[in-house]
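Notes for the one structure printed next.
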């Protein structure tokens, strides 16, 4: 990997710190060649501190270190993307990120869909919302719908119509998200179980 430390007058390159699991951006720091080499050697993310005018390993005082997972350089060879496992809050203010955001997993559109389902449940207008009507009918009806959609997915999986298979898969996932919320859970809870299994 070629990094152009000489591109800027101070011989520093920006280092974007990203959680390797959640993919959230945690902070931005700067590395010179020595900081980069120390990061690679120790597997602990080390920056060049412009205010302290020296190398600075993240967490050397707080204990909230950043364990190195991977480093990539951009197309211009002058910016680093550093993937890490954070040990505690990243920001010196005590927040997970330097943008005061929680470092939680999100699932893109599926998280948006979960939030929409939660909103429909809270609004409780079964005459206007299919989702609200399912919640009003209770756990048995919701579980029944998941079972029906699962059977449809199996049936379509045995045929050659990919469009029908994908549509039934979407129906199954949609109703499963409703079932999760009826039980008081969300996708993050399922993810936690899978992550625990991988560690075994």
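Residue numbers (my numbering): 2 to 201.
Here a beta-carbon is modelled for each residue, glycine too, at the ideal position from N, C-alpha and C.
Legend entry - Rounded C-alpha distance that separates residue 152 from residue 118: Approximately 23 Å, taken between the alpha carbons.
Inset, instruction - Would you kindly work out how many angstroms separate the C-alpha atoms of residue 210 and residue 190, rounded to a whole number? - result: This structure gives no information on residue 210, because the portion of the chain shown stretches from 2 to 201.
Inset, instruction - Can you say whether residue 73 is buried or exposed, counting buried as having 16 or more other CB atoms within 10 angstroms of its CB? - result: Burial call: exposed.
Legend entry - Touching by the beta-carbon criterion (3+ pairs, under 8 Å), the stretch 110-124 and the stretch 26-45: The stretch 110-124, when compared against the stretch 26-45, does not touch it at the 8 Å Cβ threshold.
Inset, instruction - Taking only the alpha-carbon atoms, compute the straight-line gap between residue 178 and residue 187 and give it to the nearest angstrom. - result: C-alpha of residue 178 to C-alpha of residue 187: approximately 7 Å in a straight line.
Inset, instruction - Report the partner residues of residue 55 according to the DSSP bridge assignment. - result: For residue 55, DSSP records a beta bridge to 50.
Inset, instruction - Kindly indicate which three-state DSSP category residue 173 falls into: helix, strand or coil? - result: Residue 173 falls in the helix class under three-state DSSP.
Legend entry - C-alpha gap between residue 98 and residue 199, whole angstroms: Their Cα atoms are separated by approximately 26 Å.
Inset, instruction - Measure from the C-beta of residue 193 to each C-beta in chain C and report whether the shortest distance is under 8 Å. - result: Note that chain C does not occur in the displayed structure, where there is just one protein chain.
Legend entry - Alpha-carbon to alpha-carbon, residue 100 and residue 34: Cα atoms of residue 34 and residue 100: separation of roughly 27 Å, rounded to the nearest angstrom.
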